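Read through the structure below, which is laid out as structure tokens, and then see the notes.
Protein chains: 2
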Amino acid sequence: MPKLTAPDADFSAWYNEVVREAELADYAPVRGCMVIRPYGYAIWENMQRALDGMFKATGHENVYFPMLIPQSFLAREAEHVEGFAPELAVVTHGGGKELEEPLVLRPTSETIIWNAYKDWIQSYRDLPLLYNQWANVVRWELRTRLFLRTLEFLWQEGHTAHATAKEAQEETERMLDVYRTFAEDWMAVPVIPGIKTALERFAGAVETYCIEAMMRDTRALQAGTSHFLGQNFAKAFDVQFQNEQGGLDYVWATSWGVSTRLIGALIMAHGDANGLRLPPRLAPHQVGIIPIYKTDDQRNGVLSVANQIADDLRAKGIRVKVDDRDTVRPGFKFNEAELRGIPVRIELGPRDIEQGNVVVFRRDLGEKETMSRDGVVERITALLDVIHATMFRQAIAFRDANTHRVDTWDDFKERTSVEGGCGFLLAHWDGTSETETRINEETKATIRCIPLDDDREEGTDILTGKPSKRRVIFAKAY
Amino acid sequence: MPKLTAPDADFSAWYNEVVREAELADYAPVRGCMVIRPYGYAIWENMQRALDGMFKATGHENVYFPMLIPQSFLAREAEHVEGFAPELAVVTHGGGKELEEPLVLRPTSETIIWNAYKDWIQSYRDLPLLYNQWANVVRWELRTRLFLRTLEFLWQEGHTAHATAKEAQEETERMLDVYRTFAEDWMAVPVIPGIKTALERFAGAVETYCIEAMMRDTRALQAGTSHFLGQNFAKAFDVQFQNEQGGLDYVWATSWGVSTRLIGALIMAHGDANGLRLPPRLAPHQVGIIPIYKTDDQRNGVLSVANQIADDLRAKGIRVKVDDRDTVRPGFKFNEAELRGIPVRIELGPRDIEQGNVVVFRRDLGEKETMSRDGVVERITALLDVIHATMFRQAIAFRDANTHRVDTWDDFKERTSVEGGCGFLLAHWDGTSETETRINEETKATIRCIPLDDDREEGTDILTGKPSKRRVIFAKAY
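Just so you know, the protein sequences line up as chains A and B, in that order.
In terms of the numbering used here, the first sequence is residues 165 to 642.
In terms of the numbering used here, the second sequence is residues 165 to 642.
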């Protein structure tokens, strides 16, 4: 197995190598498009299953809207078209003929969905509509990177319609909290929930909420967004309803989404010099069993015990892979299991079997322990939760160690002048887009979010010295 | 609720009304595209879950390949491009610029996948690759109908690579059998497995296997196909591997798919004058509970028992909907539950509760039965299997009653001269595309398949009188 570039030396090279060597994804023949390979797709399936369950538990239903949108639809909402027009892919020919109106491949589905909502919503009795779809979208990005930013990507997009602003606001925050819970309880990635500034807001939203995570190079990554859309799309598509009092109102809206980008977040939040470290609840293989043997007799004995342990673990719902290949040696298998981030590795040789033991390797700590085969299923079941908690604590500790309160422009400039990430910089900002733009131009840092926490300390803007009501989070971002 | 057109009077109008009134799908603003609404999508999700489980149980893994394919890729396999070129949608602009090479939206993914297989397959050790993807595809069809034929549709496409022709042939037949099992055990639709004639073969395949079902208007519907692709795509994309003897061979291939068309099949195989009849294993709601009450007191009492029964059923894994709307009357709810094809309806009023009974309506037979509330969960669990078996038997009986052995050209012409379906006509064919085309031109009937069964009776072609080794199935088809 080729040695990975050290993440400290070149994080970006390390990332690309991990994605390719762990066989998560490949570049496709069309620039910026991606082939998601079985191991990468299995992570996505686990993410989908968990998220879909959370969406349904909060009352949402799945639907599917067409990918092809008449180009004129996007123009109906002024900010929306301004935001997405530069990134559109356009179908001009179908069935051998030039189309009368060009069609765009959905970059997001607000327009096509609100066009249908006009038919489906007449009265307050038709509300709320709580719909989600799993789909591919296309955005013609110039700089692409596997999982993080690709021309086509997979995601889910929720699109809800409500009778009141309050309900829509609550939905926006509820779904942000679903994303926060998913990031913490499934990905073991701590996130900061917050509000985007006007410059970073979704094109067409009144307010964009987000969760922001820190990667191992201390850059920030936006891991999910939930938008309060106000009545913007209802007005653009003329979606009115009869309210309980008999009057006519425009419908209130939200939309929210996460994408295959989360796989990139998983890699960069937990990976190390040896490759991936996957959180147990999303790992395609939670346990890898590697038999060690020399003779055929040993092989039969060891494999028989390995398969027995695997079956016992599977009976408890644990995903297990027995690596019984004869074409590579155990040392290669160990390295590969580490590269692929398998949370628990069980090594099993003839002497272990004699002694009634197994050797258990934890990927999170890189530590081996010999344990008795008796009760191994219960101990591994518990261990997977421990590993999740450990990885989550590690990520919190890393983030906290790389979060700084910054009070002077000199300090801010120095911290942001380094190559790569500068961590999270908690600094005061005067609330204007003008200042935000100047800071970005001078330092490459952007405001990731205005956190939702209660830290309301007043102060003065890091650059302009103008008054500020609270600190915001600056960082260099993906 | 508007009354449906009688299926006997105008099957096509009945179909469209059922799809719209049961809120399965709507037409989208782009001609021939479809919005799949929550009730329709829930059927698709149940289909996906069952099929995905069967694919994984037969060793397949999921992947995702890009939707955008360089136009030149399709031209690499001569028959493939000839078959698909007339149906392509073409992206000519991206990010505000004209593209150097136009991109097509995948009509199917053999080309983009075999382009990647070239990188992934070097040795017999890399084989087999058993991959599947769930995706949207686009085919610029002229005549469209919701679910049956739309410009964009959802499907799964399996693409496997093998070291020998024998293995690929076995895989082709294995996946056909998975589809047959799914049609019978989940959809309650009997199908005839067979081989397509050269004229109906997938563009690029050596042999296309299919399952053919009969709809209630006695037309045929192709419900799934499994292709033995030989070495055609391996040669087109130069995918060779080192075999066990050290020589170089081209890789052998299969592909196989089913689509949202199956929802159309479900509607047309089981529906009746009152709407959908859904087979229990795929129904979004297997049981609908409709409370009957006048006063608020009655409402509380009835709903409390209804919710208790619902919880008890859900604990057994049964999907239940309690229709507790106050805005419509029970009679409306009964009709709606029938329109939506809910297999079992439980009616529950104050007198039923007093007497410890429930009224159970079976959608398959249209019959009501009063049963004791004691043991109702066990009886309904068993009843769902009985309903599946009954619907399957009904469909077999209908198909058999509309299958005819035809031995003279006069009889063949008369049977096919009716408006609409002519059933399955078992007739002899001389094996030439020329005769097949002539029969089609004169009668609109096509050869649906050469069945895989053992009915090897010899005879003479229905039109030409030339010798024939066995009967094939002619029908008018969707």
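Heads up, the beta-carbon is just placed ideally off N, CA and C, and yes, glycines get one too.
Computed from a predicted model, the values in this text were never measured in an experiment.
Check, Outcome
"Just the chain B side, please: which residues come within less than 9 angstroms of P271/A by C-beta, in chain order?", "Correct list: empty, because the minimum Cβ distance to chain B is about 11 angstroms."
"Excluding the five sequence neighbours on either side, which residues of its own chain have a C-beta within less than 8 angstroms of the C-beta of H568/B, listed in chain order?", "R579, G587, F588, L589, L590"
"Which residues, taken in chain order from the segment 170–203 of chain A, show a beta carbon closer than 8 angstroms to some beta carbon of chain B?", "D190, A192, P193, V194, C197, M198, V199, I200, R201, P202"
"For a contact meaning CB atoms closer than 9 angstroms, what does E251/B contact in chain A?", "G258, G259, G260"
"Is it buried or exposed for G388/A, if we count other Cβ within 10 angstroms and need 16 for buried?", "buried"
"Under a three-way DSSP split, which group does N279/B fall into?", "helix"
"My output table needs one value for T222/A: the three-state DSSP class, helix, strand or coil.", "coil"
"What in chain A is Cβ-close to V301/B, meaning under 7 angstroms?", "What V301/B touches in chain A: nothing, since even the nearest Cβ is about 10 angstroms away."
"Kindly identify the DSSP beta-bridge partner or partners of D190/B.", "V199/B"
"Could you please tell me which residues of the segment 480–497 of chain A, in chain order, have their CB closer than 7 angstroms to any CB of chain D?", "Annotation note: the requested chain D is absent from the structure, which comprises protein chains A and B."
"Which residues in the same chain have their Cβ closer than 6 angstroms to the Cβ of H449/B, if we skip the five residues on either side of it in sequence?", "R483, K485, I506"
"For G623/A, which beta-bridge partners are listed by DSSP?", "S632/A"
"Take the Cβ of L412/A as the centre, count every other Cβ of all protein chains shown within 10 Å, and call the residue buried at 16 or more, exposed below.", "exposed"
"Put R515/A into one of helix, strand or coil per three-state DSSP.", "helix"
"Indicate whether at least one CB of chain A lies closer than 8 angstroms to the CB of F525/B.", "no"
"Taking only beta-carbon positions, decide if L627/B is within less than 8 angstroms of chain A.", "no"
"Mind pulling the chain A residues with CB within less than 8 angstroms of A280/B?", "D190, A192, V199"
"Under a three-way DSSP split, which group does V524/A fall into?", "strand"
"Taking the straight line between their C-alpha atoms, what separation do you get for V268/A and H257/B?", "10 angstroms"
"What does N300/A pair with, by DSSP beta-bridge criteria?", "L318/A"
"Residues in the segment 307–327 of chain B with C-beta within 9 angstroms of chain A's C-beta atoms, listed in sequence order?", "T314, L315, E316, L318"
"Jot down the residue ranges of each uninterrupted alpha helix (DSSP H) in the segment 363–412 of chain B, minimum 4 residues, whole runs only, in chain order.", "396–400"
"Classify A433/A as buried or exposed, calling it buried when 16 or more other Cβ atoms lie within 10 Å of its own Cβ.", "buried"
"What distance in whole Å lies between the Cβ atoms of M218/A and V415/A, which are believed to be in contact at a cut-off of 8 angstroms?", "Contact doesn't hold; Cβ gap of about 24 angstroms is too wide."
"Let me make sure I understand the geometry here. Which of G439/B, D618/B, I427/B has the alpha-carbon closest to that of D172/B?", "G439/B"
"What residue from G421/A, R527/A, L512/A has the CA that sits closest to G520/A's CA?", "L512/A"
"In the segment 578–616 of chain A, which residue ranges form an unbroken beta strand (DSSP E) of at least 3 residues, counting only runs that do not cross its ends?", "588–592, 610–615"
"Please list the residues of the segment 379–413 of chain A that have a C-beta atom closer than 9 angstroms to any C-beta atom in chain B, keeping them in chain order.", "none"
"Where are the beta strand (DSSP E) runs, 3 residues long or more, that stay fully inside the segment 433–511 of chain B, in chain order?", "451–455, 484–486"
"Could you check where the beta strand (DSSP E) with W350/B kicks off and where it finishes?", "That residue, W350/B, is in no beta strand (DSSP E); it is neither H nor E in DSSP."
"Beta-carbon within less than 8 angstroms of D436/B's beta-carbon, same chain only, minus the 5 sequence neighbours each way: which residues are those?", "P171, R380"
"Taking 8 angstroms as the CB-CB limit, is F366/B close to chain A?", "no"
"I want to verify the contact list: residues of chain B whose CB lies under 7 angstroms from the CB of L589/A, in sequence order.", "Neighbours of L589/A on chain B: none; closest Cβ ~32 angstroms, over 7 angstroms."
"How many angstroms separate the CA atom of T534/B from the CA atom of E518/B?", "13 angstroms"
"Kindly give me the distance between the Cβ atoms of H141/B and S273/B, rounded to whole angstroms, as I take these residues to be in contact under 8 angstroms.", "No answer is possible for residue 141/B: it lies beyond the span of chain B, which begins at 165 and ends at 642."
"So if I threshold CB-CB distances at 7 angstroms, which residues from the segment 214–237 of chain A count as touching chain B?", "E225, N226, V227, Y228, F229, P230, M231, L232, P234"
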